[in-house]
Amino acid sequence: MVNNGIPLKNLVIFASGSGSNAEKIFEYFKDSTEVLITHIFSNNPEAGVISRAERLAIPCTIFTRAEYKDGTLLKKIQSLNTDWVILAGFLWLIPSDFIQAYPQRIINLHPALLPKFGGKGMYGHFVHEAVVEAGEKESGITIHFVNEHYDEGGIIFQSSFAVDPSDTPEDVAKKGQVLEHRDFPKVIASLVLPASS
Ligand code: GAR
Numbered sequence: 232m233v234n235n236g237i238p239l240k241n242l243v244i245f246a247s248g249s250g251s252n253a254e255k256i257f258e259y260f261k262d263s264t265e266v267l268i269t270h271i272f273s274n275n276p277e278a279g280v281i282s283r284a285e286r287l288a289i290p291c292t293i294f295t296r297a298e299y300k301d302g303t304l305l306k307k308i309q310s311l312n313t314d315w316v317i318l319a320g321f322l323w324l325i326p327s328d329f330i331q332a333y334p335q336r337i338i339n340l341h342p343a344l345l346p347k348f349g350g351k352g353m354y355g356h357f358v359h360e361a362v363v364e365a366g367e368k369e370s371g372i373t374i375h376f377v378n379e380h381y382d383e384g385g386i387i388f389q390s391s392f393a394v395d396p397s398d399t400p401e402d403v404a405k406k407g408q409v410l411e412h413r414d415f416p417k418v419i420a421s422l423v424l425p426a427s428s
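In this note's numbering, the protein residues as written are 232 to 428.
Here you go:
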């Protein structure tokens, strides 16, 4: 799609949870003439992101595991002329047909400094609990390309914060969320609009 001669980048967001990052990304690009958040997809009918999408008037689709695996969802994404797929708190492993359709065009946000505290089952509060349990002095966030393995694609960006000895997992989560909201939209912009970075 083209907007006054400028190619428009279409992004879709996948989210399984509250969707606070999805909302920050939407806010960041809402007046952009170059980037459009066309759709939010969720695997979780209970996810907070669904009511956020409604409030923000972003089309939102809930999909089943069968649609995820049999190509139905990928076809829908392609029919939206999607350029980039943004995972903002999405918990299922990405199937290889998605990776092949969008090589280096699927990016994920992880709430720790990968390669530490990544892999299957390492998401959300499990990550923060593990960080505190391990007595880490710092934690942070990682934005990375997605491949067929959980949290193993190339790292694009990391930022970090100090973990104090008295910090609970909730404290660590709050510190991480500040960085996520600050950094994720900007990193997406630098990737999808490289000339603007
Ligand atoms: C974020 O903290 C994100 O880093 C994490 O889920 C949260 C979603 O929050 N992602 C993972 O743990 C992926 N392994 P949100 O729904 O408020 O955006």
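Where is the CB? At the ideal position from N, CA and C, for every residue including glycine.
Query                                                                                                  : Result
C-alpha gap between Val-266 and Leu-311, whole angstroms                                               : 14 Å
Exposure of Ser-428, with buried meaning 16 or more beta-carbon neighbours within 10 Å                 : Model confidence at Ser-428 stands at a pLDDT of 47, short of 50, so the residue's coordinates are unreliable; what they give is reported in the following sentence. Exposed.
Leu-371 versus Ile-271, Pro-290, Phe-388, residue with shortest Cα-Cα distance                         : Residue 371 is actually Gly in this sequence, not Leu. Taking only the C-alpha atoms, the option nearest Gly-371 is Phe-388.
Extent of the continuous beta strand (DSSP E) to which Leu-240 belongs                                 : Position check: residue 240 holds Lys in this sequence, whereas Leu was assumed. Unbroken beta strand (DSSP E) run through Lys-240: 240–245.
Contained alpha helix (DSSP H) runs [length at least 4] in the segment 321–376, N- to C-terminal order : 327–332, 355–364
Ile-317 vs Ile-256 beta-carbon contact at 8 Å                                                          : yes
Short Cβ contact (8 Å threshold) for Val-363 with Pro-326                                              : no
Which of helix, strand or coil DSSP assigns to His-270                                                 : strand
Residues near Ser-249 in its chain [Cβ-Cβ closer than 6 Å; skip 5 each side]                           : Gly-279
Heavy atom of the ligand GAR within 7 Å of Ala-332 beta-carbon                                         : no
Cβ neighbour criterion (16 or more within 10 Å) applied to Asp-301                                     : exposed
Short CB-CB distance (under 8 Å) between Phe-392 and chain B                                           : The displayed structure is made up of one protein chain only, and chain B is not part of it.
Nearest-angstrom beta carbon gap, Val-394 and Val-403 [assumed within contact, 8 Å]                    : 6 Å
Where Leu-318 sits in the DSSP three-state scheme                                                      : strand
Secondary structure of Ser-390, DSSP reduced to three states                                           : strand
Beta bridge counterpart(s) of Thr-292 as assigned by DSSP                                              : Phe-272
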